[in-house]
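Asker:
In our numbering, the protein residues as written are 1142 to 1194.
#1: When DSSP labels each residue in this structure, what does residue 1113 get in the three-state scheme?
#2: How would you call residue 1189, buried or exposed, if buried means at least 16 neighbouring beta carbons within 10 angstroms?
#3: Considering residue 1178, what are the terminal residues of the alpha helix (DSSP H) in which it resides?
#4: Using the beta-carbon count (16 or more within 10 Å), is residue 1185 buried or exposed?
Have a look at this one:
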């Protein structure tokens, strides 16, 4: 029973860390005005954020 709680807590913490890292990478891509696949920089930042987070 205790291992279940530990596993759930670890998944929640890891998910939060991954989401935060993805958001920061997307913000940096957006501020740098980078463009991939002929997308607008804003859309490129959204795509990068989705793939990383």
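We put the beta carbon where it would ideally sit given N, CA and C, even for glycine.
Answerer: So, to answer that:
#1: The chain is shown only over 1142 to 1194; residue 1113 falls outside these bounds and no answer can be derived.
#2: So residue 1189 counts as buried.
#3: From DSSP, residue 1178 is part of no alpha helix (DSSP H); its letter is neither H nor E.
#4: Its Cβ being crowded by 16 or more others within 10 Å, residue 1185 is buried.
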